[in-house]
Each structure stands twice: as structure tokens, then as C-alpha cells.
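Numbering (my numbering), first residue to last: 11 to 245.
Read through the structure below, which is laid out as C-alpha cells, and then see the notes.
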């Protein structure tokens with residue numbers, strides 16, 4: 011697997027599952043898995059979510075908390091139905107999942123993030139976020155003390171286009187004042203993050219913390235600290 015590119019003019023990050031994760035949702039899934047239902051294991055849940063999301067059914071950006079909760083409840087309901095859960099159970103599980111997704115207090119930083127952001131900032135590198143997110147991102151970033159660290163934060167809700175559309179990446183580089191060819195993008199999706207960034211003319215690295223993409227052929231890291239060491243990042 012190729013080594014990851016060295017950050018040059020700026021570094022852009024995806025947000026969810028790259029810089030932070032939903033700890034409340036993870037604890038919910040872990041509890042269900044310990045209960046022993048084979049249709050509630052983490053592997054099963056992840057597969058069902060990918061299946062429904064792969065049909066283009068991810069919730070649209072929402073302006074209000076009520077809309078957001080309703081959209082995520084419907085998304086998870088479809089995922090549980092996909093796995094054969096009866097409608098009443100699917101609805102109950104979905105409501106629990108949505109409750110975690112829409113709660114800013116449920117999100118936690120990954121342990122490697124502060125060190126990496128400090129190191130990149132000490133090198134004078136402009137930093138930004140490009141995320142398919144709605145206004146929920148702002149209270150999350152504030153609770154995690156992330157907003158102040160980034161010179162550009164571009165969300166799909168604000169600009170009206172979604173990764174992997176190259177336009178959303180270029181909006182971020184324009185705001186930072188750095189050519190796209192001098193930017194490294196880091197994200198957890200081979201399609202939306204790495205593919206979109208490459209289409210925009212950027213170098214890109216996949217962060218694969220759980221080993222979900224063992225066959226990914228491009229630059230890959232399992233810990234963001236590998237970005238600080240040129241030539242690392244072989245996954």
C-alpha cells in the first residue's frame with residue numbers, strides 16, 4: 011500500500027468518524043450486542059446501515075432538531091427492517107438510535123486528534139473541515155472545542171452540495187486561500203472523502219480506524235498521528 015502524502019500547503023478533514031465519533035450510539039450498539047441477538051451485533055448493524063445508505067437514503071440535512079430526529083428515526087427504522095426486525099421493534103430501536111445521533115453531548119473526540127491538530131498548527135499549516143453535515147455540527151464542534159482550530163469549516167447544509175462533489179472541497183480551499191493541489195484531505199470514506207478530494211485535485215488519505223477497508227489500494231492510516239511521519243500510513 012502506498013505511503014501517505016506529506017501535508018504541504020493545508021490539511022482538510024472530514025468531521026464525523028474522522029475527528030469525532032458518537033460515543034452514545036456506540037455504547038447503545040455494544041449493549042445490544044452483549045444481549046446476544048444475532049441481528050443486533052455491531053457487524054450486522056453496520057452492514058444494514060451501509061445497505062440502506064447505499065440506496066441513497068441517508069437523511070437529508072435538517073434545519074431543526076425535530077426534523078433531524080424524524081429523519082434519523084426513519085433512516086434507522088429502514089435499517090432495522092432490512093435485517094428482519096418486526097415493525098414495532100424496528101421503530102423502537104430506531105428511536106433510540108436517533109436520540110443519540112441528534113444529541114451533541116453524545117459525541118467524543120478521537121484520542122489522537124488534539125495532538126495531531128496541535129502539531130499541524132505548530133507547522134503553520136492552515137486547517138479546515140469539509141463535512142456532509144447540517145447545523146448540528148456547530149454545537150458538536152463547540153462542545154469539543156474544535157471550532158477555533160479551523161480556518162474554514164464548510165458543510166453541505168451551508169453550501170448546498172455534498173461530498174464527493176468536487177465543488178465543496180474547492181469552496182474550502184478558496185476560503186483558506188490555498189491551491190487545491192497543495193492540500194491534503196483526510197477522511198474515513200473511500201468514496202465521499204478520498205474519491206471526492208481526488209476529483210477536486212487534492213491528495214487524500216483514508217483514515218480506517220477499524221480496518222473496515224482492508225482492500226483499499228490508496229494511502230491509508232489507522233491513527234491520525236501517522237500523518238505526522240512522512241512515509242508512514244501503510245495501514
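Glycine included, every Cβ here is placed at the ideal spot set by N, Cα and C.
The model shown is predicted, which means the values in this text are computed figures rather than measured ones.
DSSP lists 32 as the beta-bridge partner residues of residue 117.
Put simply, the backbone Cα of residue 48 is about 8 Å away from that of residue 54.
Contact fails between the stretch 97-105 and the stretch 207-224, because fewer than three Cβ pairs, one in each stretch, are under 8 Å apart. Excluding five sequence positions before and after residue 59, the CB atoms of its chain that fall closer than 7 Å to its own CB belong to 89, given in chain order.
Here DSSP, grouped into helix, strand and coil, assigns residue 112 to coil. Between residue 118 and residue 33, the CB-CB gap stays under 8 Å.
For the 8 Å CB-CB criterion, residue 201 and residue 174 form a contact.
Here residue 146 is near residue 114, since their CB atoms are less than 8 Å apart. In the structure shown, residue 39 adopts helical secondary structure according to DSSP, grouped into three states.
Between residue 226 and residue 196, the alpha-carbon positions lie close to 14 Å from each other.
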